[in-house]
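A.B. asks: Below you'll find the structure I mean.
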Amino acid sequence: MTIDILVQKAERLSKRIKLDIDNLWDPNEVTKKEIRELLDQMPNLDEGDIADRLNLDLELACQICDELLTEGKIKRIPY
84 MTIDILVQKA ERLSKRIKLD IDNLWDPNEV TKKEIRELLD QMPNLDEGDI
134 ADRLNLDLEL ACQICDELLT EGKIKRIPY
């Protein structure tokens with residue numbers, strides 16, 4: 084790898100770490116990220132499945148999924 088590629092990777096990693104640290108102050112943002120990552124892997128999960136897999140209260144999982152839907156960050160898959 085060239086130095087330029089290593090520098091670019093280090094900059095991306097630094098930005099990602101900063102975002103993760105910033106989100107530590109807002110637990111809902113961390114949970115949103117976890118839900119999005121889970122749905123990227125398993126898009127057919129419903130709120131109950133998400134709550135079970137992430138060990139969340141069902142009401143919280145529903146609330147955060149509603150927020151993500153409103154923000155356009157996830158989509159509901161019709162059955």
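Numbering of the sequence shown is given in this note's numbering, commencing with residue 84 and proceeding in unit increments.
Built from N, CA and C at the ideal position, the CB exists for glycine as well.
Predicted model, so just to flag it, every value in this text is computed and none were measured.
Shortest alpha-carbon distance to leucine 137 belongs to which of Asn127, Leu121 and Met125?
C.D. replies: Leu121
A.B. asks: On the premise that alanine 144 lies in contact with isoleucine 157, defined as a C-beta separation below 8 Å, what is that separation, rounded to the nearest angstrom?
C.D. replies: Rounded, the Cβ-Cβ distance is 12 Å, inconsistent with contact.
A.B. asks: For aspartate 123, report the span of its alpha helix (DSSP H) as first-last.
C.D. replies: Taken as a continuous stretch (DSSP letters only), the alpha helix (DSSP H) holding aspartate 123 covers 110–124.
A.B. asks: How many angstroms separate the CA atom of glutamate 112 from the CA atom of glutamine 124?
C.D. replies: 19 Å
A.B. asks: CB-CB under 8 Å to glutamate 140, same chain, minus the five flanking residues each way: which ones, in chain order?
C.D. replies: The sequence as given places aspartate at residue 140; glutamate does not occur at that position. Within the same chain, aspartate 140 has close Cβ partners Ala134.
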